[in-house]
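Data block below; observations after.
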């Protein structure tokens with residue numbers, strides 16, 4: 680069974696640009712979450728989607744947005760990039776229809792803003 | 003507001019001995035707890051979880067203990083192996099479709 684797939688693995692962008700990251704969950708998983716990891720920090724929750732609906736959102740500015748498609752694939756977008764957005768962005772999928780069960784993570788997208 | 007805290011940034015243990023990782027939380031609404039392991043350049047890998055209705059869960063070399071009154075959980079790894087060298091994250095959920103993570107503990111297993 681294929682795991683969570685994130686593309687691209689690495690990205691370099693310039694301040695002010697926007698970026699779109701993609702996540703394909705494990706087959707059958709309908710919940711997709713996004714997290715940001717910066718050096719010295721734990722993982723910070725961005726948002727969670729289930730059946731194309733956002734069920735929760737973390738404390739990030741409106742420049743961070745996401746969506747989920749009918750096939751459960753998800754994208755997140757960051758507009759007007761800032762240097763501080765440089766981070767590892769992780770996507771996780773789970774079977775959870777309610778609450779949380781074990782979430783399985785992809786390898787992440789390493790975003791560098793210069 | 004860090005609701006999940008791992009106060010030890012690092013832990014060094016000899017191969018074959020026990021590794022004990024600690025985690026404290028402040029949110030009394032947390033009802034499900036998980037441990038993840040992360041190697042560099044990879045995503046976190048799920049290790050073990052525990053529901054708040056239990057105080058212990060065991061899976062092979064990994065055991066998680068939960069002390070709800072103290073808002074504390076720990077992960078025991080016995081025996082520690084070189085492949086266990088990684089960053090370990092404690093995570094918690096309040097049933098609100100998100101996980102709150104600690105900052106992680108880097109474990110180094112010495113030969």
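Protein chains in written order, with this note's numbering: chain A, 680 to 793; chain B, 3 to 113.
Using N, Cα and C, we set each Cβ at its ideal position, and we do this for glycine too.
Test: residue i CB closer than 7 Å to a CB of chain B
i, result
"residue 781 (chain A)", "yes"
"residue 727 (chain A)", "yes"
"residue 739 (chain A)", "no"
"residue 743 (chain A)", "no"
"residue 707 (chain A)", "no"
"residue 695 (chain A)", "no"
"residue 735 (chain A)", "yes"
"residue 722 (chain A)", "yes"
"residue 700 (chain A)", "no"
"residue 747 (chain A)", "no"
"residue 786 (chain A)", "yes"
"residue 774 (chain A)", "no"
Cβ neighbour criterion (16 or more within 10 Å) applied to residue i
i, result
"residue 751 (chain A)", "buried"
"residue 18 (chain B)", "exposed"
"residue 43 (chain B)", "exposed"
"residue 726 (chain A)", "buried"
"residue 34 (chain B)", "buried"
"residue 94 (chain B)", "buried"
"residue 689 (chain A)", "exposed"
"residue 782 (chain A)", "buried"
Within-7 Å CB hit, residue i to chain C
i, result
"residue 763 (chain A)", "Structure shown: chain C not included; protein chains present are A and B."
Residue j beta carbon less than 7 Å from that of residue i
i, j, result
"residue 772 (chain A)", "residue 687 (chain A)", "no"
"residue 698 (chain A)", "residue 770 (chain A)", "no"
"residue 786 (chain A)", "residue 45 (chain B)", "yes"
"residue 66 (chain B)", "residue 79 (chain B)", "no"
Residue(s) in a DSSP beta bridge with residue i
i, result
"residue 26 (chain B)", "B:7, B:74"
"residue 755 (chain A)", "A:700, A:745"
Any C-beta of chain A under 7 Å from that of residue i
i, result
"residue 100 (chain B)", "yes"
"residue 67 (chain B)", "no"
Any chance the stretch 750 to 770 of chain A sits against the stretch 713 to 727 of chain A, with 3 or more Cβ pairs inside 8 Å?
Result yes; three or more Cβ-Cβ pairs closer than 8 Å.
Should the stretch 37 to 56 of chain B be called in touch with the stretch 81 to 93 of chain B, which here means at least 3 C-beta pairs below 8 Å?
As far as the Cβ criterion goes, the stretch 37 to 56 of chain B touches the stretch 81 to 93 of chain B, which means the pair count is three or higher.
Counting pairs of beta carbons, one from the stretch 95 to 106 of chain B and one from the stretch 721 to 741 of chain A, are three or more of them closer than 8 Å?
Because the criterion of three Cβ pairs below 8 Å is met, the stretch 95 to 106 of chain B and the stretch 721 to 741 of chain A touch.
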